[in-house]
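Asks: I have a structure I would like to understand better, so I am pasting it below and will then ask my questions one at a time.
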Amino acid sequence: MVKYESYKVTIEFTRRVVGALPKNPDVIDAWAQARAKKNNRTEEEAREIAEKIKEEVQADVVEKSWVCFKSDDTGLYLEDRNIKAMLRECATTLGTFRGTGSVAKRQTFQHGLFVEPERIYFMRDGKPITEPDGQQERAIHVMTAMGPRDSLKREDYIDLPASIEFRIDVVVQTDRKQAFITEDILREWFDLGQRIGLGGSRSQQFGKFKVVSFEKV
């Protein structure tokens with residue numbers, strides 16, 4: 008029977024979280040209608056707005072310039088792989104996979120470290136967050152078939168307060184009493200991860216968080 012060392016982690020975001028999943032261009036229509044309704048515009052005006060956007064920005068660029076969160080009937084969520092990718096970035100930055108025992112640590116990380124559940128829901132006041140709190144826009148530079156262009160990047164976001172909770176399982180090799188990736192290593196990764204953040208536009212300082220609970224279970 009495989010033995011694991013498991014940790015329950017709860018984090019609270021300290022900065023707005025931004026989506027990272029490209030939206031389909033068809034969503035522009037719904038966005039335009041919602042914006043028109045908010046500004047007391049007609050459906051015809053909404054369609055005109057949508058068509059204008061589609062004309063100004065090529066479809067392939069539009070797909071890349073509006074990002075959202077993954078969602079299902081329960082709510083908006085991150086995937087287990089998002090947490091593992093953040094931990095990998097921390098490990099690489101800290102040099103965890105260099106020096107004595109580095110091969111064993113790397114192998115354990117790649118094949119023996121698991122994040123559960125697969126879908127990690129954003130929570131607020133004990134309930135899943137079902138809709139983004141809004142969209143923000145910022146200018147970006149893109150390269151198209153017509154050459155370089157300026158475009159607007161629209162990003163769905165989740166405001167504070169927001170939190171997520173998940174479990175990390177680390178395989179303990181059969182001839183050892185302790186996993187190669189120890190509790191101290193994980194704590195060090197998360198200490199750095201708080202500054203790296205989760206979600207999209209992390210280079211703009213979004214998605215930063217603090218660990219409010221880290222318990223071995």
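For the sequence shown, this note's numbering gives the first residue as 8, with consecutive numbering after it.
C-beta: ideal position from N, C-alpha, C; glycine also.
1) Confirm, please, whether the CB-CB distance from residue 112 to residue 187 is below 8 Å.
2) Figure out for me which residue from 173, 115, 164 has the closest Cα to the Cα of residue 141.
3) Residue 96 bridges to which residues according to DSSP?
4) Do you know how far the Cα of residue 99 is from the Cα of residue 105?
5) Take residue 109 as the anchor and find which of 192, 204, 198 has the nearest alpha-carbon.
6) Taking DSSP as the reference, what is the three-state secondary structure of residue 115?
7) Where do the N-terminal and C-terminal ends of the alpha helix (DSSP H) with residue 79 fall, by residue?
8) So, residue 25 versus residue 221, is the Cβ gap smaller than 8 Å?
9) Give the DSSP-derived three-state secondary structure of residue 213 in the structure shown.
10) Give me the residue from 9, 14, 206 with the minimum Cα distance to residue 124.
11) Whose CA, out of 50, 206, 199, 205, lies closest to the CA of residue 102?
12) Taking the beta strand (DSSP E) that residue 138 falls in, what are its first and last residues?
Replies: So, from the listed chains and residues:
1) yes
2) 164
3) In the DSSP output, where bridge partners are listed per residue, residue 96 has none listed.
4) 9 Å
5) 192
6) helix
7) Careful: residue 79 lies outside any alpha helix (DSSP H) and carries neither H nor E.
8) no
9) coil
10) 14
11) 199
12) Looking at the DSSP string, residue 138 is not in any beta strand (DSSP E), and its letter there is neither H nor E.
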